[in-house]
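What follows is a set of notes on a single structure, which appears directly below.
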Amino acid sequence: MASYHEESGLGDIPKMRTVDLEGTLEKGYWKSRPTSRIRSFPTRAAQWCVDHLRPAFLTGIGGHSSHQGRRTAYLDGLRGFAAFLVYWGHHELWAHDGIGAEMIFENAYGYQKKHYFVAFPGVRIFFSGGHFAVSVFFVLSGYVLSAKPLSLIRAGDYLQLGDNLASALFRRWLRLHIPVICTTFVYMTYLHLFRIHATPEIKSSYGEELWNWYVELKNFSFVFRTGGEPWFTYNFHSWSIPVEFRGSIVIYTALQAFSKCRPNARLLCELGLIFYFMYIADGWFCALFMSGMLLCDLDLRAARDELPDVFMMLEPFKEGIFYAMLCISMYLGGVPSRTWEEQFLRESPGWHYLSYLKPQAVFDFKWFYLFWAATFLVASISRIHWLKSFFETPFNQYLGRISFAFYLVHGPVLWVLGDRLYAAVGWVRDSHATTCPGWINRFPLPKVGPLGLELNFFAPHLILLPVTLWLAEIVTKFVDEPSVRFAQWFYRKTLAPANQS
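Numbering-wise, our numbering comes out as the position in the sequence shown, counting from 1, plus 754.
Structure below.
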């Protein structure tokens, strides 16, 4: 989910210019430089704050990315857009909770004779597509994590492959968890310091709060845990981070295991693992990661016209095939997800016959359909020019750069600021009586417009979206990108000299 661009730091502060004394004595007078060029430390510090705290999306440079123009730049944009879908879906469900939003947004169109535009096939992913977006994250991670190692495997550079995998595995836990640690610690401290009633409920003392945060964090971040709640109550949405780490281990292991295989044999092994994870064991997230690895392998072979013969036979029909995959993706991505009971799916209009495709191994049926939806989407985008161009637009590239931080901060902003703004404009839920009674209907706005697109739902986002984007920029600059550099530095510090084993 996260971008790996490096941000400039204090070295960008303009340096003080020295006064040119050459020829001063000969001229017989002093010609001073303009005072604007000699900047005091407070001035430079203020300029640094402006440069680094100014919202990029307001300056016209929000979409700038040093990675634009790369072959896979569209993947960054897709990751950013998926993060926005998570943001939007969580806000839709939270704001509309008082009217039973879950029964509408997460059910099929026509379920129990209810017909809402937000639940229409293809449309519903823009209102409740959070799980679809997470599935896309996992496929993208499998793709991106595999790209460099697969290139080294194809080049036969196994020494460099070992170095690459060792470095990647060493850094991965740090890279994923440091931003979670920092953001949840700040959020926990903020709630307790200002006695904010939000999610979660604050403890009686800061010491108790700190201990609770630590206990939850250590259990949450242990990759091999076999029980307990999957949630980290200081950010429920971070449940996907340990899953991301486990999926990364699957990718690194598979890359090493298949590194000496023939190209076609490697493809068969990748397909075999996907089949195992989806149809034999309940390893849906592993299947999503392996799907990304498979797609990356196929793309690298396609770039050199080395695809297996079966793909060459389908070449004349590829445009229709990829458009069909896109349509299937949009439909399956809207799988009803209110419960995991199969009978519920069979009773959902448009899903009765599809429900019989679910393998016995999969417990929560939605992940089976989301596997195919995410795989087909990522596979088709690069072959559909207008769609690929959309994800390469500056704003989507900007979202891609801040996507990890955006994912981490959107929940706290929703629970602290969003909850109060929704209460103020008329979206009242039961918890408001205890969390923010003074905000209820403070600035009521009319609920005009279709469900999910009401005026008083859009209005708070004039504040919420800029605040969330700005905080995501701050976390990206001061937490996310430094955590990448720290992990790289830490790994280099542990390396033995070249002459030692």
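Glycine residues also receive a C-beta, built at the ideal position from the N, C-alpha and C atoms. Owing to the predicted nature of the structure, the values given are computational and were not obtained by experimental measurement.
Among residues of its own chain, excluding the 5 on either side of residue i, which ones have a beta-carbon nearer than 7 Å to its beta-carbon?
i: Phe1071; result: none
i: His885; result: Ser1091, Lys1120 and Leu1124
i: Ser1143; result: none
i: Asn973; result: Arg979 and Gly982
i: Ser1241; result: Reading the sequence as shown, one finds Ala at residue 1241 and not Ser. If we look at Ala1241 and ignore the five residues flanking it on each side, its Cβ neighbours are Arg925, Leu928 and Arg929.
i: Thr953; result: Trp1169
i: Leu1054; result: Leu904, Ser905 and Arg908
i: Tyr828; result: Ile1135, Ser1136, Lys1142, Phe1145 and Glu1146
i: Ser1013; result: Ile907, Tyr912 and Leu915
Using the beta-carbon count (16 or more within 10 Å), is residue i buried or exposed?
i: Leu899; result: buried
i: Asp1059; result: exposed
i: His1139; result: exposed
i: Met857; result: exposed
i: Leu1111; result: exposed
i: Leu812; result: exposed
i: Phe1145; result: buried
i: Gln1151; result: buried
i: Thr1007; result: exposed
i: Glu1073; result: exposed
i: Ser958; result: exposed
i: Arg1155; result: buried
i: Phe795; result: exposed
i: Cys1198; result: In the sequence as displayed, the identity of residue 1198 is Pro instead of Cys. By the neighbour-count rule (16 or more Cβ atoms within 10 Å), Pro1198 is not buried but exposed.
i: Thr1248; result: exposed
i: Phe1029; result: exposed
i: Thr778; result: Low confidence applies to Thr778: its pLDDT is 40, below 50, so where it sits in the model is not reliable enough to give any reading.
i: Trp848; result: buried
i: His844; result: buried
i: Ile1034; result: exposed
i: Arg771; result: Here Arg771 scores only 39 on pLDDT, less than 50, and its place in the model should not be relied on; the value that follows carries that caveat. Flag for Arg771 reads exposed.
i: Thr797; result: exposed
i: Trp1243; result: exposed
i: Phe881; result: buried
i: Leu919; result: buried
i: Tyr944; result: exposed
i: Leu1153; result: buried
i: Pro984; result: exposed
i: Trp1094; result: exposed
i: Val977; result: exposed
i: Leu1099; result: buried
Looking only at its chain, what residues have a beta carbon closer than 8 Å to the beta carbon of residue i, apart from the 5 residues adjacent to it on each side?
i: Gly852; result: Trp1181, Val1182, Arg1183 and Asp1184
i: Ala1128; result: Phe886, Ser889, Val890, Phe892, Val893, Leu1042, Ser1045, Ser1083 and Gly1087
i: Thr1188; result: His951
i: Glu1096; result: Ser1109, Lys1112 and Phe1119
i: Ile879; result: Leu839, Phe886, Met1084, Gly1087 and Gly1088
Spatial neighbours of residue i within its chain, please: CB distance less than 6 Å, with the 5 preceding and 5 following residues excluded, ordered by chain position.
i: Lys1201; result: Glu1208 and Asn1210
i: Pro1082; result: The sequence given here has Ile at residue 1082, not Pro. Contacts found: Phe1130.
i: Ile995; result: Leu930 and Val934
i: Tyr841; result: His1164
i: Phe1031; result: Gly1037, Cys1040 and Ala1041
i: Ala1159; result: Ala1226, Val1229, Thr1230 and Asp1234
i: Ser1102; result: Ala862, Tyr865 and Pro1090
i: Trp1224; result: Pro809
i: Ser1136; result: Lys1142
i: Ser992; result: Val934 and Phe986
i: Leu839; result: Gly883 and Ala887
i: Phe1122; result: Lys1112 and Val1116
Taking residue i and residue j to be in contact with their CB atoms under 8 Å, please state how far apart those CB atoms are, rounded to whole angstroms.
i: Ser720; j: Met1079; result: This structure cannot settle anything about residue 720, because the visible part of the chain is limited to 755 through 1255.
i: Cys936; j: Val1221; result: Incorrect: roughly 18 Å between the Cβ atoms, too far for contact.
i: Leu1218; j: Gly1172; result: 5 Å
i: His946; j: Glu963; result: 5 Å
i: Gly831; j: Thr1147; result: 7 Å
i: Arg1020; j: Asp1051; result: 7 Å
i: Glu846; j: Phe859; result: 6 Å
i: Leu1175; j: Pro1214; result: 4 Å
i: Gly961; j: Gly896; result: 42 Å between Cβ atoms; not a contact.
i: Ser1157; j: Arg833; result: 5 Å
i: Thr938; j: Trp967; result: 7 Å
Could you give the uninterrupted runs of the alpha helix (DSSP H) lying entirely in the segment 1179-1243, keeping only those of 4 residues or more?
1186-1189, 1209-1212 and 1215-1229
Which whole runs of the beta strand (DSSP E) in the segment 1123-1176 are 3 residues long or more, in chain order?
When DSSP assignments are scanned along the segment 1123-1176, no uninterrupted stretch of beta strand (DSSP E) that is 3 or more residues long falls wholly within it.
Fully enclosed by the segment 859-942, which alpha helix (DSSP H) runs are 4 residues long or longer?
879-882 and 884-909
Complete runs of the alpha helix (DSSP H) confined to the segment 1094-1127 [at least 4 residues]
List check, alpha helix (DSSP H) in window: 1096-1100.
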